[in-house]
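Visitor: Shown below is the structure under consideration.
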Amino acid sequence: MAPETATTTAAPPPPPPPKSVGPDSSGRSSAAEGSFDSEVEFLRKHGAVEVLEAPNGGRVAISPTYQGRVMTSSVGPSDKSIGWVNHKFIEDGKTGAPFDNYGGEDRFWLGPEGGQFALFFAPGAEFNLTKWQTPSALQEGAWTVAEKTPTRVVFKRTLTLKNYKGTEFSLEVERTIDLLGAADVEKLAGTKPGEGVKWVGFSTTNKITNTGPKPWTKDGGLLSVWVLGQFNPAPDAYVIVPFEAAAKGEVVNDRYFGKVSGDRLATESKDGYLRFKADGQHRSKIGVGPARAKNILGSYAESAKLLTVVSYDKPKSNDYVNSMWEKQKAPFAGDVVNSYNDGAPEPGKPSLNGFYELETSSPAAALAPKASLTHTSRTFHFVGDRAALDPIAKKALNASLAKVAEGIR
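If you read the sequence shown in my numbering, its first letter stands for residue 30, the second for the next number, and so on.
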């Protein structure tokens with residue numbers, strides 16, 4: 030099914046904020062219970078918004094103001110907004126923070142985060158949260174719409190960054206956001222969504238080109254395309270990460286911010302997937318390397334009747350940048366997929382406002398001048414009762430939602 034319309038709007042006179050806006054007792058400021066339309070009204074108060082509309086009712090909201098992010102989506106204009114949007118940070122109008130955390134369920138970043146080729150730490154800095162700084166090139170300034178059709182929006186942006194070693198990178202980014210149709214769902218799930226299932230899908234195609242005079246080499250450090258999506262947590266939300274059960278090596282890296290306890294991370298060896306608690310209450314992160322990772326991951330929250338599935342292009346490569354916050358023995362033995370669950374970094378310290386993330390990365394980009402690398406990510410949301418969503422979860426993620434909903438015991 031072809032989507033129909035795309036609209037661009039500048040900021041109109043301020044509308045009244047959605048009733049759900051404002052931090053709750055945990056300090057969160059996402060309109061977790063707000064409708065898509067109310068979320069778009071809020072975003073338009075602070076900047077430009079592109080809205081793609083599909084014939085089946087699906088909606089996707091994109092922000093040029095916030096670096097071409099897909100801020101949120103929904104299965105219908107009056108249905109619940111699915112992406113996590115940080116109202117308080119947006120209302121405060123901050124820039125240049127360690128992380129300009131506007132939210133958004135698909136944003137463009139570059140890796141690696143940590144290590145001797147890190148982009149998020151200044152040369153010589155210790156690898157801890159007080160020294161962590163998102164590069165300004167990745168989080169400041171509006172991105173210009175280069176092309177727009179009824180089904181897509183294209184952004185182009187030139188960036189310059191330096192890594193921990195001092196290597197400078199000049200590149201052009203072309204980021205294309207497309208609505209996805211029923212044929213894409215069938216490709217993912219092997220069947221059309223059943224009766225009682227509402228859905229929305231979009232893809233982002235992220236192309237980087239080396240515009241500098243020198244090739245990018247391992248000696249100086251390499252970049253990777255890193256796509257991250259932020260979503261509303263829930264006490265019963267679990268990330269589902271399928272893995273290659275027959276492959277060799279560790280199944281999961283859970284050492285990013287301290288080992289994850291067994292009541293928050295479970296390995297379902299028989300079925301070949303991981304379950305990771307996504308409640309926004311405990312700072313933790315997991316990753317799966319290229320030998321074990323499949324080209325798909327997702328999440329499920331029984332209370333929200335929401336199944337999310339993210340698929341991505343995974344070329345054959347063993348070279349992925351390592352984002353661990355340490356001097357690394359193997360800087361190109363990093364993870365392909367990751368999930369982050371927010372929480373306080375230590376007792377008494379504030380969190381980043383409570384969310385969870387689904388993340389995918391491209392291989393390390395060893396690019397000659399004018400050469401390019403492209404990483405495509407596809408996000409699908411399915412809303413319905415468990416019985417209606419279960420066939421999709423079994424086909425796409427090899428997971429029984431009844432088992433996922435039981436929690437980790």
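Each residue gets a CB set at the ideal place from its N, CA and C atoms; glycine is no exception.
No experiment lies behind these values; they were computed from the predicted model shown.
For Ala-154, write down the residues that DSSP places opposite it in a beta bridge.
Guide: In the sequence shown, counting from the first residue as 1, residue 154 sits at position 125. Per DSSP, none; premise fails for Ala-154.
Visitor: Go through its chain and collect everything with a Cβ distance to Ala-431's Cβ below 6 Å, but skip five positions before and after it.
Guide: Translated into positions along the sequence shown, residue 431 becomes position 402. So no residue of the chain qualifies.
Visitor: Cutting at 7 Å between CB atoms, please list the residues of its own chain near Val-104, excluding the five before and the five after it.
Guide: Stepping through the sequence shown from its first residue, residue 104 is reached at position 75. So the list reads Gly-86, Gly-87, Lys-227, Trp-228, Val-229, His-410 and Val-412, once near-sequence residues are dropped.
Visitor: Give me, in chain order, the residues of the same chain whose beta-carbon lies closer than 7 Å to that of Val-433; leave out the 5 immediate sequence neighbours on both sides.
Guide: Here residue 433 refers to the residue found at position 404 of the sequence shown. Once the five neighbours on either side are set aside, the close Cβ partners of Val-433 are Tyr-267, Ile-269, Arg-304 and Tyr-329.
Visitor: What three-state label does DSSP hand Ser-165 in the structure shown?
Guide: Residue numbering aside, residue 165 sits at position 136 when the sequence shown is read from its first letter. Ser-165 falls in the helix class under three-state DSSP.
Visitor: Anyone know if the C-beta pair for Gly-97 and Arg-204 falls short of 8 Å?
Guide: Walking along the sequence shown from the start, residue 97 turns up at place 68. Walking along the sequence shown from the start, residue 204 turns up at place 175. In this structure, Arg-204 lies closer than 8 Å to Gly-97 by Cβ.
Visitor: Specify the secondary structure class of His-116 as computed by DSSP and reduced to three states.
Guide: Your numbering for residue 116 matches position 87 in the sequence shown. Note: His-116 maps to helix in three-state DSSP.
Visitor: According to DSSP, which residues form a beta bridge with Thr-311?
Guide: Within the sequence shown, residue 311 is the residue found at index 282, counting from 1. Going by the sequence as given, residue 311 is His instead of Thr. DSSP lists no partner for His-311.
Visitor: Along the chain, where does the alpha helix (DSSP H) containing Glu-215 start, and where does it finish?
Guide: As a working note, residue 215 is residue 186 in the sequence shown. 211-218 is the extent of the alpha helix (DSSP H) around Glu-215.
Visitor: Ile-421 lies in the alpha helix (DSSP H); which residues open and close that run?
Guide: On the sequence shown, position 392 is the one that residue 421 refers to. First-last of the alpha helix (DSSP H) with Ile-421: 415-426.
Visitor: Would DSSP call Pro-392 helix, strand or coil?
Guide: To locate residue 392, count along the sequence shown from 1; it is residue 363. In this structure, Pro-392 counts as coil in the three-state DSSP scheme.
Visitor: The beta strand (DSSP E) with Val-229 in it runs from where to where?
Guide: Within the sequence shown, numbered from 1, the residue matching residue 229 stands at position 200. Segment 227-239, the beta strand (DSSP E) holding Val-229.
Visitor: Where does Ser-67 sit, in a helix, a strand or coil, going by DSSP?
Guide: As a position in the sequence shown, residue 67 is number 38, starting the count at 1. Here Ser-67 carries a helix assignment [DSSP, helix/strand/coil].
Visitor: Do Phe-146 and Tyr-193 have their beta-carbon atoms positioned less than 8 Å apart in this structure?
Guide: The residue labelled residue 193 in the question sits at position 164 within the sequence shown. The residue labelled residue 146 in the question sits at position 117 within the sequence shown. Yes, the Cβ-Cβ distance between Tyr-193 and Phe-146 is below 8 Å.
Visitor: Measure from the alpha carbon of Asp-348 to the alpha carbon of each residue in Lys-358, Leu-335, Gln-357 and Gly-363, then state which is nearest.
Guide: Counted from its first residue, the sequence shown places residue 348 at position 319. Nearest Cα to Asp-348 within the set Lys-358, Leu-335, Gln-357 and Gly-363: Gly-363.
Visitor: I need the straight-line Cα distance from Ser-253 to Leu-396, nearest angstrom please.
Guide: As a working mapping, residue 253 is identified with position 224 in the sequence shown. As a working mapping, residue 396 is identified with position 367 in the sequence shown. Going from the Cα of Ser-253 to the Cα of Leu-396 covers about 11 Å.
Visitor: Please check the pair Ser-368 and Gly-140, which I expect to be a contact at CB under 8 Å, by giving their CB distance rounded to whole angstroms.
Guide: Against the sequence shown, residue 368 aligns to sequence position 339. Against the sequence shown, residue 140 aligns to sequence position 111. With 8 Å as the limit, Ser-368 and Gly-140 do not qualify as a contact, their Cβ atoms being about 15 Å apart.
Visitor: What does DSSP give as the partner residues of Thr-101 in its beta bridges?
Guide: Residue numbering aside, residue 101 sits at position 72 when the sequence shown is read from its first letter. Paired residue(s): Ala-90.
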